[in-house]
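Worksheet: one structure, shown below.
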Amino acid sequence: MQSSVKQERQLIQQHERERNYWKKWSIGWNVFSVLTIALAYLENALVPTQETVDNRYYHWFLGAYIAYLIIVYVIGQVTHGGVRSYSGHFAQLNSSIGILLIIQDLITEKFALMALPFFVSFAQILQQIHEDAKLLWESTLSSLGLWAVSFVVGTLLGVFLGLFMGRYRQFNYWAFPYLKVIGIIPAAAWMPLTMVIFPTSYMAEVFLIAFSVWFPVAFMTIGGVQGISKDYFESAKTLGFSEFQIVRKIVIPGALPSIFIGVFTAMGLSFTMLVISEMIGAKVGLGWYINWAKGVGNYTQVYAAIAIMALLFSVIFAVINKVEARLLRWRDAGR
């Protein structure tokens, strides 16, 4: 029994790998990806520069990147498992990153074809991140905490309302017209009022971000609940399920794919609202940092904050994507 369960789990994992990492393994592309990053290192080290830049951190980054690619390549070559699929799928993308790093370095730091201070090299961005490490770390933690609280509040509110409105027609009759009217109003439009209504800027920011989240989550949850076949509900009533059991075992699992669509849609809106709200009322945070850097005319700092945002939001997206895959593994098992 345990072996059959293990085999089924392995088949699901293999199916997921084939779906996510569909490009075939290629020794040529893996080697080429390492060579392009190595070439980016040599280009930066050997070509004379037009700007005064401390390239140590860029060299460390490229060295770590090369080491990572080699390790992944070797593991993939030996194990023939998930790492091999991962390495083969992203080899071409890693090659393009190496080429882009060379191009951006040549047109900014080396030949100064893009005018300062509006365009800077990646090496300058890494140098700026190192110089402002403490302030950027504090701002990142502040933004992450604010986003997490607001996103959870908005998601729970959206799921709760969506389940009720999708399941109970009487509740939907009264609530859905208000949802359509209030939900489509951009969260930023409420900003002047929130600064007056709420006693602290933090509460105003939580409201604005949560407001940007709840509508897409609620709307998709309603559609997910209403899309569940009535046969499931009739079968549940025949088996004597209580309303709580119907919601827990039929409504929530059936609406979960749509809920995650709403969550991913809301993520982009919440990131946008996070930056906007911090630019207006916060005293710390990545949005505040960008606004402060713009005020003093240091656009390298602006790019540094944007780079951290890109990394942070990508990690958040990947984590939620893993949670979705975990909760919806039954869907892959049925394919």
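The numbering of the sequence shown is UniProt numbering, which starts it at 1 and goes up by one.
Beta carbons are placed, not taken as given, at the ideal position from N, Cα and C, and that holds for glycine.
{"Item": "Neighbour-count burial assignment, Val5, 16 or more Cβ in a 10 Å radius", "Value": "Here the model assigns Val5 a pLDDT of 49, short of 50, so the residue's position is not dependable, and the following value carries that caveat. When all chains shown are included, Val5 counts as exposed."}
{"Item": "Leu208 versus Val217: straight-line alpha-carbon distance, rounded", "Value": "15 angstroms"}
{"Item": "Per-residue DSSP class, three states only, for Met165", "Value": "helix"}
{"Item": "Exposure of residue 374, with buried meaning 16 or more beta-carbon neighbours within 10 Å", "Value": "The shown model of the chain, from 1 to 335, leaves out residue 374, and the question about it has no answer."}
{"Item": "C-beta atoms of Ser150 and Val213 nearer than 9 angstroms", "Value": "yes"}
{"Item": "Of the listed residues Tyr299, Leu274, Trp288, Phe260, nearest to Ile324 (C-alpha basis)", "Value": "Inspection of the sequence shows that residue 324 is occupied by Glu rather than by Ile. The shortest Cα separation from Glu324 among Tyr299, Leu274, Trp288, Phe260 belongs to Phe260."}
{"Item": "Option in Ile316, Gly162, Ile184, Tyr289 with minimal Cα separation from Ala175", "Value": "Gly162"}
{"Item": "Selected residue, minimal CA-CA separation from Asn44, among Trp288, Gly98, Ala115, Lys23", "Value": "Gly98"}
{"Item": "Minimum length 4: unbroken alpha helix (DSSP H) runs contained in the segment 166-199", "Value": "169-183, 191-197"}
{"Item": "Check whether Ser258 and Val296 have beta carbons under 9 angstroms apart", "Value": "no"}
{"Item": "Own chain, CB closer than 7 angstroms to Asn291, minus 5 neighbours either side, in chain order", "Value": "Met279"}
{"Item": "Segments assigned beta strand (DSSP E), at least 3 residues, entirely inside the segment 254-311", "Value": "none"}
{"Item": "Delimiting residues of the alpha helix (DSSP H) encompassing Pro213", "Value": "Note that residue 213 corresponds to Val in the displayed sequence, not to Pro. 201-226 is the extent of the alpha helix (DSSP H) around Val213."}
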